[in-house]
Amino acid sequence: MKHHNKINPTSPGSDPSLDETVLSRLAALKAMSVRDLKAEWEKLLGTSAPNNSRAFLELRIAYRLQELTYGGPDRKTRRMLDLLADEVEGHARRKHQIADPRNPVAGTKLLREWDGVEHTVTVLKDGFDWQGRKYKSLSAVARAITGTRWNGYRFFGLRERKQEEA
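Counting in the numbering used here, the final residue of the sequence shown is number 462, and the numbers go up one at a time with none missing.
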């Protein structure tokens, strides 16, 4: 689903009367019937409403109202979301891969001691190698090593530096 309307965005808080209008429209969603919510969906999104829960319809319509008023995600964010959707769906419509800025260059060896055992992970162009097995994420490697869920970047000490440190 792509809605890349060109809108002159304004920031929330920059126009109190506009904010009040948006807030009143959001509050009105709670009083609408499901039939009215579906009609609002069709008006705002230009497609027939799905048979989802009332809460889903309210949340999505509320997002769209704010998106139309204040602007949607920027181009870089939309591109990242499209790439993530391609990855989740298992096919790439684009040739570029998602590159996390926390990833070291391919070939880098990451060392981590866990329970007295030193583990070496090699950064690949499209994933990570640990003990001859390829993983898509550092979190998957950390889970394989520890048996519990970890943020892989935190486990291997690759958290982004704060602005003051940069």
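Virtual Cβ for every residue (Gly too), placed ideally from N, Cα, C.
Within a 10 Å sphere around the beta-carbon of G423 sit 16 or more other beta-carbons, which makes this residue buried. By the Cβ neighbour-count rule, L355 is exposed, with fewer than 16 other Cβ atoms within 10 Å of its own. Beta-bridge pairing by DSSP links T343 to no other residue. Leaving aside the five residues that flank Q362 on each side, the residues in its chain whose CB is nearer than 7 angstroms to its CB run, in chain order, V318. Minimum Cα-Cα distance from S329 among the listed residues P308, G342, A351, V413 corresponds to A351. Within the same chain, R398, L434, R455 come within 7 angstroms of Y449 by CB-CB distance, once the 5 residues on both sides are set aside. Y431 is bridged by DSSP to F424. With contacts defined by Cβ atoms closer than 9 angstroms, P308 and Y359 do not form a contacting pair.
Within the DSSP bridge table, the entry for L407 names T416 as partners.
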